[in-house]
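Residue numbers (this note's numbering): 8 to 222. Glycine included, C-beta positions come from ideal geometry on N, C-alpha and C. Written below as structure tokens is the structure these notes are about.
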């Protein structure tokens, strides 16, 4: 089985069997064996078992269509996967990025939970992150991210993804400034009396935009 869809289908088929294994050691052993055979993350399979026990029967892989995603969203997901798999990488990424730098709300929530996990336990445990969030959609997303064959520990590649997110943030910030400047400009042109605050804000925005071009 080579495709992610095929692998997820296999995991989904054996969830009823895995979910009734009461012995934690045996469950871990069986999960590890399956993860090695399918070349899937052991943590992703354990998360799916946890979701199945909670009554969720849909496949995590169907949560978001990859083809519809922009580059920054893909970068955010890959970095989340890297952080969930390695606490040192998580610490390094969180030096360069904050939760609010991520453009998707759920991504921000997951990163915030990872930060809390690191602060509380000095490590990253995907199950604890899910417990912090207490949200099945977040559990589905985390499981899906861990199943993808995109997680990397290469510092240069990770740095590239960090740059992608930072560049997207700068671009969006510039677009917002340009939109606000246009609104103020139109307001000033239509008004009989120019408000000092509007004029001051417009000048400040123009200055910020000029400064960004210079950088």
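How many Å lie between residue i and residue j at the Cα?
i: residue 16; j: residue 131; result: 28 angstroms
i: residue 47; j: residue 187; result: 47 angstroms
i: residue 72; j: residue 192; result: Low confidence applies to residue 72: its pLDDT is 38, below 50, so where it sits in the model is not reliable, and the reading given next is rough at best. Roughly 40 angstroms separates the two Cα atoms.
i: residue 58; j: residue 165; result: 29 angstroms
i: residue 43; j: residue 138; result: 26 angstroms
i: residue 185; j: residue 84; result: 29 angstroms
i: residue 177; j: residue 215; result: 12 angstroms
i: residue 146; j: residue 103; result: 25 angstroms
i: residue 34; j: residue 24; result: 10 angstroms
i: residue 38; j: residue 218; result: 54 angstroms
i: residue 135; j: residue 126; result: 12 angstroms
i: residue 163; j: residue 105; result: 19 angstroms
i: residue 197; j: residue 209; result: 15 angstroms
i: residue 148; j: residue 142; result: 10 angstroms
i: residue 116; j: residue 45; result: 30 angstroms
i: residue 36; j: residue 212; result: 59 angstroms
i: residue 60; j: residue 95; result: 31 angstroms
i: residue 160; j: residue 152; result: 15 angstroms
i: residue 140; j: residue 78; result: 25 angstroms
i: residue 170; j: residue 118; result: 17 angstroms
i: residue 207; j: residue 12; result: 56 angstroms
i: residue 179; j: residue 167; result: 18 angstroms
i: residue 28; j: residue 183; result: 53 angstroms
i: residue 124; j: residue 181; result: 33 angstroms
Assuming the contact rule is C-beta atoms closer than 8 angstroms, residue i and residue j should be a hit. Round their C-beta distance to whole Å, please.
i: residue 90; j: residue 121; result: 5 angstroms
i: residue 26; j: residue 52; result: Not quite, the Cβ-Cβ distance comes to about 11 angstroms (not below 8 angstroms), so this is no contact.
i: residue 205; j: residue 194; result: 6 angstroms
If you check the beta carbons only, do residue i and residue j fall under 7 angstroms apart?
i: residue 21; j: residue 82; result: no
i: residue 158; j: residue 62; result: no
i: residue 150; j: residue 54; result: yes
i: residue 133; j: residue 50; result: yes
| query | For the segment 98-109 against the segment 16-25, are there 3 or more C-beta pairs whose distance is under 8 angstroms? | reply | Segments in contact, no.
| query | Which ranges would you report for the alpha helix (DSSP H) in the segment 117-168 if only whole runs of at least 4 residues count? | reply | Listed in chain order, they are 133-140, 143-154.
| Quick check: the segment 201-210 against the segment 109-117, are there 3 or more CB pairs under 8 angstroms? | No: the two stretches stay apart, fewer than three of their Cβ pairs being nearer than 8 angstroms.
| field | alpha helix (DSSP H) runs wholly inside the segment 30-54, at least 4 long, in chain order | value | If you keep only unbroken alpha helix (DSSP H) runs of at least 4 residues inside the segment 30-54, you get 31-45.
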